[in-house]
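Just below is one structure, and these are the notes that go with it.
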């Protein structure tokens, strides 16, 4: 196996492991998500337009 192909293989293995870990961390219970977001406020800036935004969850 060449160095390039072994590096590519290692990158694919790491990407697969990372995506599996991310998929397992999603919340799937609607009530749990609503409880977490109730009263939360998120502020940010759109990257393309540099416009500020605020998301408020009641």
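Numbering (this note's numbering), first residue to last: 1301 to 1358. By construction, the Cβ of each residue, glycine as well, lies at the ideal position given by its N, Cα and C atoms. No experiment lies behind these values; they were computed from the predicted model shown.
* To do: Helix, strand or coil for residue 1355, going by three-state DSSP, please let me know.
  => It is a strand residue.
* So residue 1344 is in the beta strand (DSSP E); what residue range does that whole segment cover? -> From DSSP, the beta strand (DSSP E) with residue 1344 extends over 1341-1345.
* Is it the case that the CB of residue 1328 approaches a heavy atom of the ligand FMN more closely than 6 Å? -> Within the structure as shown, the ligand FMN is missing, as the structure has no ligands at all.
* Have a look at residue 1337 and residue 1307 and give me their C-alpha separation to the nearest angstrom. => Taking C-alpha positions only, residue 1337 is separated from residue 1307 by approximately 41 Å.
* Asked: Once you ignore the five residues that flank residue 1346 on each side, which residues in its own chain have a CB closer than 7 Å to its CB?
  -> Closer than 7 Å at the Cβ level, and outside the excluded window around residue 1346, lie 1353.
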